[in-house]
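FYI, the numbering for the sequence shown is 5 to 711, going by the working numbering.
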Amino acid sequence: MVGWLVHIWPGKPFPLGATYDGGGTNFAIFSEVAHHIELCLIDDAGGETRLALPERDGLVWHGYLPRCGPGQRYGYRVHGPHDPAAGLRCNPAKLLLDPYAKAVDGENRWDEALFGYHFGDPDSFNETDSAPYAATSVVVNPYFDWADDRPLRIPYHETVIYEAHVKGMTMRHPDVPDDVRGTYAGLAHPAMIRHLQSLGVTALELMPVHQFVHDSTLHDRGLRNYWGYNTIGFFAPHNGYACFGTRGEQVQEFKTMVRALHRAGIEVILDVVYNHTAEGNHLGPTLSFRGVDNQAYYRLVDGDEKHYFDTTGTGNSLNVRHHESLRLIMDSLRYWVTEMHVDGFRFDLASSLAREFHQVDRLSAFFDLVNQDPVVSQVKLIAEPWDVGDGGYQVGGFPPLWTEWNGKYRDTVRDFWRGEPGSIGEFAARFTGSSDLYEADSRRPIASINFVTAHDGFTLNDLVSYNEKHNEANGEDNNDGESHNRSWNCGEEGPTEAAEVNVLRERQKRNFLATLLLSQGVPMIAHGDELSRTQHGNNNVYCQDGEISWVDWEDARAHEVLTEFTAGVARLRRDHPVFRRRRFFQGRAITGSSIEDIAWLRPDGQQMTDADWDSGTRSIGVFLNGKGIPERDDLGEQIVDDSFLLLINAHHQQVQFTVPDESYGRTWQVVVDTADPLLANARRRHPVPGGRVRVPARAMQVLQCRY
């Protein structure tokens, strides 16, 4: 027991959460429905001391404890009405996590005690104490030596995003010490930073690191919630990724990781899940928000408040119509920017945050708050622009401040390279930044976060190796995961010894990566794709915390050519602004020339006609005019670059291209060839105007003009 605590002082209502000031800790928690709230201090032996919070101001209960400092574990018991039919679910028998906890110790041990009812009787009232089975909140030390760390603020047009999993990236890396693998410290290891820098990565987008819960249903099947899209603490770095301790040490470790990445010139973007919590539907556990103020934090069905309004497919949706839920989200975002120094956010199922009523509304309170916030509005804001509700697919529908995961880019590029007929026109639109989606709102190509693969779905290797998903290991009879993957196995399903199939697969991987890195917009590479990572056909490894989902760095040595190819194309993008324009192409001649800023060419070197676009062709040339960049550098000088000619052949046969006349360029050199990744032959080739260039089946060449 915490015997030295004689009494609790009144304290202050803000900030919410537990705030250590050097002499003690202020505790503050919101609840409109509570009759009174007990602060529960947990000692090292698991003993509990309960102290009633003495004050209530503006629906916030608060108190101050002298001499209470970092490492102290605590929770809350909320006394109030329990009437599920009316949306009220207070239950003081349940030890609750602080919604504003900055750290969490332990994880829930699944037991009936964590639920507000007895199994088999959903209408019952379960008064069993949950404390022996519940994770606890932790008071943290807010002080940290950031040295000279500052926001990087890398412009979007110079950004290359790498989506990664904290644990999966390092668990099998031979150069990362065993004791820090799978942790924040492991991700900050010099070996990892060198790899990211070699690829030209400027932003690391981390899959969820907010404290999350391993679902009871997965626990029963001997599985884990590997991806982490099951948040219970929006302020706490997940304790499972900490190697130095979970009594607040995870906060210091996370900050150290951010500082190291920043010193390497790499931004940190968090994949955040504000659309729902881990408490699930009306049959879920009572862990935090449900017991604190169910009506404030969750969207309930109108006229049936026993049940939850769900547009996320997880059982509940956060109540963005309520001021307290909105405050929670905004406070969390500001905390991660100001205190944890992150550089941006990717919002999971972002459409659900815009459902102030039933429809997705780009003028919702959430967007207004973000737009007006002096802190949050200044960082990278990336939307996953869909949810599972009606009208939830909103690619191109977010406000100007936002960028979006461009799902149409993914689908179109996959279709094009697998030879789907009739995809050439949309491929051209996606390759040039998707102006049809973003230009009407005065947005620019950087609004499009381009990707071919992500955590959800096939890896790049599996995209070219499997026609069907193979998710049997998930224990759901292969019924989970997307069935329409727009994939092509190149002739055989899964691993094969057929040399011609493997050669084609490697070429297809390079086609996808080259297309991604040379498209207008912001490229995002999924972790391990440059290493030919495989999940053996499993396109939904959300529950696979093991070798099937971890990056196999030993196997990566067999794919060094792909890694070097990826790095080389990334350098080409970095060095040439024509591939990362800040404005859309206009298709008009530039000043002082008869040549447009972009030209679409047939294989015979002539410009495409309307009939050509409708012909079903799978082979096209793209001329990018380096003299036609309508932008100036930081010194006000007009940006002039080399021009490039991309010869793209998605046909199943070799195609012979004719280099256009001298008005496009006089001297050309092959700098990328997906059929010759090391350029063993291409460096000796210098095509001339009117000359012929043979592009093998399903291949792409990039020619550079140096005038």
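Here a beta-carbon is modelled for each residue, glycine too, at the ideal position from N, C-alpha and C.
Among all the DSSP beta bridges, which residues are the ones paired with residue i?
i           : result
residue 384 : 348
residue 676 : 706
residue 667 : Per DSSP, none; premise fails for residue 667.
residue 125 : 122
residue 168 : 210
residue 661 : 697
residue 24  : 29
residue 41  : 82
residue 652 : 624, 704
residue 237 : 215
Go to residue i, then tell me how far its alpha helix (DSSP H) extends in each direction, as first and last residue.
i           : result
residue 699 : First-last for residue 699: 696-699, but that is the beta strand (DSSP E), not the alpha helix (DSSP H).
residue 441 : 439-442
residue 512 : 503-522
residue 194 : 194-202
residue 141 : Here residue 141 belongs to no alpha helix (DSSP H); instead the beta strand (DSSP E) covers 140-142.
residue 733 : In the structure displayed, the chain extends from 5 to 711; residue 733 sits before or after that span and is not available.
residue 556 : Unbroken run through residue 556: none, as it is neither H nor E.
residue 220 : 220-224
residue 251 : First-last for residue 251: undefined, no H or E at that position.
residue 467 : 464-467
residue 428 : 428-435
What are the boundary residues of the beta strand (DSSP E) that includes residue i?
i           : result
residue 64  : 64-70
residue 354 : From DSSP, residue 354 is part of no beta strand (DSSP E); its letter is neither H nor E.
residue 528 : 526-530
residue 452 : 452-454
residue 78  : 77-83
residue 604 : 602-605
residue 335 : Counting along the chain, residue 335 falls outside any beta strand (DSSP E), though it belongs to the alpha helix (DSSP H) covering 327-342.
residue 689 : Run containing residue 689: none; DSSP gives neither H nor E here.
Where does residue i land, buried or exposed, given buried means 16+ other C-beta within 10 angstroms?
i           : result
residue 597 : exposed
residue 256 : buried
residue 150 : exposed
residue 147 : exposed
residue 131 : exposed
residue 440 : exposed
residue 684 : exposed
residue 475 : buried
residue 129 : exposed
residue 1   : For the chain, the structure presents residues 5 to 711; residue 1 sits outside this window and is missing.
residue 287 : exposed
residue 308 : exposed
residue 524 : buried
residue 564 : exposed
residue 537 : buried
residue 665 : exposed
Which value, in whole angstroms, describes the spacing of the CA atoms of residue i and residue j?
i           : j           : result
residue 320 : residue 47  : 33 Å
residue 427 : residue 417 : 9 Å
residue 97  : residue 126 : 17 Å
residue 691 : residue 607 : 14 Å
residue 22  : residue 90  : 30 Å
residue 392 : residue 315 : 5 Å
residue 498 : residue 205 : 30 Å
residue 61  : residue 297 : 16 Å
residue 237 : residue 214 : 6 Å
residue 172 : residue 545 : 11 Å
residue 703 : residue 547 : 36 Å
residue 104 : residue 141 : 9 Å
residue 101 : residue 118 : 12 Å
residue 281 : residue 230 : 16 Å
residue 209 : residue 87  : 42 Å
residue 327 : residue 228 : 33 Å
residue 133 : residue 27  : 32 Å
residue 74  : residue 336 : 20 Å
residue 478 : residue 540 : 13 Å
Answer with yes or no whether the minimum CB distance from residue i to chain B is below 8 Å.
i           : result
residue 303 : Here there is only one protein chain, and chain B is not present.
Three or more C-beta pairs closer than 8 Å, one from the stretch 610-617 and one from the stretch 632-648: is that the case here?
no
Pairing CB atoms from the stretch 64-74 with CB atoms from the stretch 33-50, are three or more of them under 8 Å?
yes
Taking three-plus beta-carbon pairs below 8 Å as touching, is the stretch 284-299 in contact with the stretch 179-194?
Between the stretch 284-299 and the stretch 179-194 there are fewer than three inter-stretch CB-CB distances shorter than 8 Å, so the stretches are not counted as touching.
Across the stretch 486-504 and the stretch 560-571, are there enough close Cβ pairs to call them in contact, namely three or more that are closer than 8 Å?
Result no; under three Cβ-Cβ pairs closer than 8 Å.
Evaluate contact between the stretch 572-584 and the stretch 546-564, counting only Cβ atoms and requiring at least three cross-stretch pairs below 8 Å.
no
Could you tell me whether the stretch 517-531 touches the stretch 262-273, where touching means 3 or more Cβ pairs closer than 8 Å?
no
Assess contact between the stretch 523-540 and the stretch 443-456, defined as three or more Cβ pairs (one per stretch) separated by less than 8 Å. Is contact present?
These segments touch.
Would you call the stretch 383-403 and the stretch 433-447 touching, i.e. three or more CB-CB distances under 8 Å?
yes
Inter-stretch contact at 8 Å, needing at least 3 Cβ pairs: the stretch 69-89 / the stretch 268-277:
no
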